[in-house]
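Just below is one structure, and these are the notes that go with it.
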Amino acid sequence: GAGVSQTPSNKVTEKGKYVELRCDPISGHTALYWYRQSLGQGPEFLIYFQGTGAADDSGLPNDRFFAVRPEGSVSTLKIQRTERGDSAVYLCASSLNRARSSYEQYFGPGTRLTVT
Amino acid sequence: AQSVTQPDIHITVSEGASLELRCNYSYGATPYLFWYVQSPGQGLQLLLKYFSGDTLVQGIKGFEAEFKRSQSSFNLRKPSVHWSDAAEYFCAVGANDYKLSFGAGTTVTVRA
């Protein structure tokens, strides 16, 4: 079946602009995660959704970052007033929401964000 | 909070040779442990996972990993590497909150 998809694959924006990154999870996966991967680093957790609600947003770096999942499927990560330090690959993952299955996270190819 | 250390940033191995990638974790309880592989331009792919039970776990693509509680380690091994194994490998630990904490990764280069 189809895996996790993310659009766009690449996004170049100017400092101060607003961007939206989209994630379409695997069908039937109720849990969705956003991670950020900076150059030379492993992914870092940003936010976790169970269904439509953000169950844990402790990884969001500041209030310029916000994510939604209004219908419990597609999610959008929104970044306001982008800064050069926001440049990274943003990864989305999804999983079933059942005990250990929640840890078996399937990742999308990521969106590479470059802020100039 | 949990954390993961991958001591080797880059490993070069000859095709057909064995490979071992090191992973050490820090977590107060029994962790859930994972290895992922990331090829250029690709997403992370789960190679194998450990939750409990047998400490030697088998994964896809001929990889295996061994959980050693006394050493807080979860090293990844493959007996004979193929050129297609060239990629970046990430070890991750999961606590009780469904978040994964990743190491910084080890890049594997395979020479002919």
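Taken in sequence, the protein lines are chains A and B.
Just so you know, the first sequence maps onto residues 1 to 116 in the numbering used here.
Just so you know, the second sequence maps onto residues 1001 to 1112 in the numbering used here.
Even glycine gets a Cβ: it sits at the ideal position worked out from N, Cα and C.
Does chain B have any CB closer than 9 Å to the CB of residue i?
i	result
PRO43 of chain A	yes
ASP24 of chain A	no
SER95 of chain A	yes
TYR90 of chain A	no
VAL4 of chain A	yes
TYR35 of chain A	yes
GLN105 of chain A	yes
GLY40 of chain A	yes
Can you find a CB in chain A that lies within less than 9 Å of the CB of residue i?
i	result
VAL1004 of chain B	yes
LYS1049 of chain B	yes
GLN1042 of chain B	yes
GLN1071 of chain B	no
GLN1058 of chain B	no
LEU1076 of chain B	no
LEU1019 of chain B	no
Name the chain C residues that come within less than 9 Å of residue i, Cβ to Cβ?
i	result
GLY72 of chain A	Of the protein chains in this structure, namely A and B, none is chain C.
Could you work out which residues of chain A lie near residue i, taking near to mean beta carbons separated by less than 7 Å?
i	result
GLY1016 of chain B	Here the premise fails: no neighbours, minimum Cβ distance about 28 Å.
Find the residues of chain B that neighbour residue i, judging by a C-beta separation of less than 7 Å, and give them in chain order.
i	result
SER102 of chain A	TYR1098
GLY110 of chain A	GLY1043
Can you have a look at residue i and say buried or exposed, based on whether 16 or more other CB atoms are within 10 angstroms of its CB?
i	result
ALA67 of chain A	buried
LYS1099 of chain B	buried
ASP86 of chain A	buried
SER95 of chain A	buried
TRP1083 of chain B	exposed
SER1070 of chain B	exposed
Report the neighbours of residue i on chain B: residues whose CB is nearer than 9 Å to its CB, in chain order.
i	result
ASP56 of chain A	ASP1097, TYR1098, LYS1099
ALA31 of chain A	TYR1098
| message | In chain order, what are the residue ranges of uninterrupted beta strand (DSSP E) at least 3 long that sit wholly in the stretch 1042-1086 of chain B? | response | 1044-1050, 1056-1058, 1064-1068, 1073-1078
| request: Below 9 Å between beta carbons is the criterion; list the residues of the stretch 1022-1035 of chain B that meet it against any residue of chain A, in chain order. | output: TYR1032, PHE1034
| Listed from N- to C-terminal order along the chain, which residues in the stretch 1090-1107 of chain B have their beta-carbon within a distance smaller than 9 Å of any beta-carbon of chain A? | PHE1090, CYS1091, ALA1092, GLY1094, ASP1097, TYR1098, LYS1099, LEU1100, SER1101, PHE1102, GLY1103, ALA1104, GLY1105
| task | Write down every uninterrupted run of the alpha helix (DSSP H) in the stretch 23-68 of chain A whose length is 4 residues or greater and which is fully enclosed by it, in chain order. | result | none
| Could you give the uninterrupted runs of the alpha helix (DSSP H) lying entirely in the stretch 71-111 of chain A, keeping only those of 4 residues or more? | none
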